[in-house]
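To start, the structure under review is shown below, and the notes come after it.
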Amino acid sequence: QVQLQESGPGLVKPSQTLSLTCTVSGGSISSRDSYWSWIRQPPGKGLEWIGYISYSGKTYYNPSLKSRFTISADTSKNQFSLKVSSVNVADTAVYYCARSYGSGSYPDYWGQGTLVTVSS
Amino acid sequence: DIQMTQSPSSVSASVGDRVIITCRASQGISSWLAWYQQKPGKAPKLLIYAASSLQSGVPSRFSGSGSGTDFTLTISSLQPEDFATYYCQQANSFPLTFGGGTRVEIK
Chain S
2 QVQLQESGPG
12 LVKPSQTLSL
22 TCTVSGGSIS
32 SRDSYWSWIR
42 QPPGKGLEWI
52 GYISYSGKTY
62 YNPSLKSRFT
72 ISADTSKNQF
82 SLKVSSVNVA
92 DTAVYYCARS
102 YGSGSYPDYW
112 GQGTLVTVSS
Chain V
298 DIQMTQSPSS
308 VSASVGDRVI
318 ITCRASQGIS
328 SWLAWYQQKP
338 GKAPKLLIYA
348 ASSLQSGVPS
358 RFSGSGSGTD
368 FTLTISSLQP
378 EDFATYYCQQ
388 ANSFPLTFGG
398 GTRVEIK
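First to last, the sequence lines map onto chains S and V. By this note's numbering, the letter at position 53 of the first sequence is numbered 54, and the numbering carries on one by one without gaps. By this note's numbering, the letter at position 58 of the second sequence is numbered 355, and the numbering carries on one by one without gaps.
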């Protein structure tokens, strides 16, 4: 059973860089055909897919989010991370990490989510 | 990006009712569609993938249908634990995009 757990600061100031980590257990992030995504949900709103890193280290980002987002992986720790630069209040959201298998299209295992608030 | 539109945005129903939620894609997505259930304070849970395939462990009262641009999620007999928000998600192309959600409330 794959389990994911997000960690990171709950509060970030505007213009700072947000860093979140997802620790994976019960499976390897290098497992063939696995894709590891970040998805966020502003309070009371819908879901927005940010991007993924694949088992081979390939990344893909949501073009609508411009270039402030970076996803990386540390295979030695079985973790993957999200960095968001120059955060603003619109980045306030619950951030989820999730796994897809195969084409990367259907996130089937999700972390519990972590609320990040951007405020001075 | 492919836009996903769900209707209704909310529905009030009683235990035992049949509930149907619809999702429309802004362009054809074949059968590349998933449905998720989300309860307050929890992560979304995958119910249906490939438009009509039931995820392991999901009760058979949930079913999905459709292809192209129009899809439905049906709950055949609503149970107390089914009161939640439901989202569709297209998987035809990246970026993955979600519908705005349908809240199923107790009547």
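Backbone N, C-alpha and C fix where the C-beta goes; we use that ideal spot for every residue, glycine too.
Under 8 Å by beta carbon: chain S residues contacting residue i
| i | result |
| --- | --- |
| V:TRP329 | SER106 |
| V:GLY397 | GLY47 |
| V:ALA388 | SER104, SER106 and TYR107 |
Residues of its chain near residue i, where Cβ-Cβ distance is below 7 Å and the 5 sequence neighbours each way are ignored
| i | result |
| --- | --- |
| S:ARG69 | VAL85, SER86 and SER87 |
| V:ILE345 | ALA331, TRP332, LEU351, GLN352, PHE359, GLY361 and LEU370 |
| V:ALA381 | GLN334, GLN335, LYS336 and VAL401 |
| S:TYR102 | ASP34, SER35 and ASP109 |
| S:LEU48 | ILE40 and GLN42 |
| V:ALA322 | ILE299, MET301, THR366 and GLN387 |
| V:PHE260 | Beyond the ends of chain V as shown, which are 298 and 404, falls residue 260 of chain V; an answer cannot be given. |
Under 9 Å from the C-beta of residue i: neighbouring residues of chain V
| i | result |
| --- | --- |
| S:TYR97 | ALA340 and PRO341 |
| S:GLY114 | GLY338, LYS339 and ALA340 |
Partner residues on chain V for residue i, Cβ-Cβ distance less than 7 Å
| i | result |
| --- | --- |
| S:ASN63 | PRO392 |
| S:TRP37 | Result: empty, since nearest Cβ-Cβ is about 13 Å, beyond 7 Å. |
| S:ASP92 | Within chain V, no residue comes near S:ASP92; the closest Cβ sits about 17 Å away, beyond 7 Å. |
Span of the beta strand (DSSP E), counted from its first residue to its last, around residue i
| i | result |
| --- | --- |
| V:LEU344 | 342-346 |
| S:LYS67 | Unbroken run through S:LYS67: none, as it is neither H nor E. |
| V:ASP367 | 367-372 |
| S:TRP37 | 35-42 |
| V:TYR383 | 382-387 |
| S:GLN7 | First, the residue type needs correcting, since residue 7 of chain S is Glu and not Gln in the sequence shown. Element bounds for S:GLU7: 4-8. |
| V:TRP332 | 330-335 |
| S:ARG100 | 94-102 |
| S:LYS84 | 80-85 |
| S:GLY52 | 49-55 |
| V:ILE403 | 399-403 |
| S:SER20 | 19-26 |
| V:GLY363 | 359-364 |
| V:ILE317 | 316-322 |
| S:LEU116 | 115-119 |
Residue i: CB within 8 Å of a non-hydrogen atom of the ligand FAD
| i | result |
| --- | --- |
| S:TRP39 | As for the ligand FAD, it is missing from this structure, which has no ligand bound. |
Cβ neighbours of residue i in the same chain (closer than 6 Å, five flanking residues each side left out)
| i | result |
| --- | --- |
| V:GLY365 | GLY325 |
| S:SER55 | TYR36 |
| V:SER328 | ALA347, ALA348 and SER364 |
| S:GLY28 | VAL3 |
| V:ILE317 | THR369 and THR371 |
Same chain, Cβ closer than 8 Å to residue i, five either side skipped, listed in chain order
| i | result |
| --- | --- |
| V:THR394 | ASP298, ILE299, GLN300, MET301, GLN386 and GLN387 |
| S:GLN80 | THR22, CYS23, THR24, VAL25, ILE30 and ALA74 |
What residues from the segment 7-35 of chain S come within 9 Å of chain V, judged by C-beta to C-beta, listed N to C?
Within the segment 7-35 of chain S, no residue qualifies.
Please identify, using Cβ separations under 8 Å, the residues of the segment 350-382 of chain V that lie next to chain S, in order along the chain.
GLN352
Identify each residue in the segment 298-324 of chain V for which the Cβ-Cβ distance to at least one residue of chain S is less than 9 Å, and report them in chain order.
If the cut-off is 9 Å between Cβ atoms, the segment 298-324 of chain V has ASP298 near chain S.
Across the segment 106-116 of chain S and the segment 305-313 of chain V, are there enough close Cβ pairs to call them in contact, namely three or more that are closer than 8 Å?
no
Check whether the segment 70-77 of chain S touches the segment 12-19 of chain S, taking contact to mean three or more Cβ pairs, one atom from each stretch, closer than 8 Å.
no
Meets three-Cβ-pair contact criterion under 8 Å: the segment 18-34 of chain S and the segment 373-380 of chain V:
No, the segment 18-34 of chain S does not touch the segment 373-380 of chain V.
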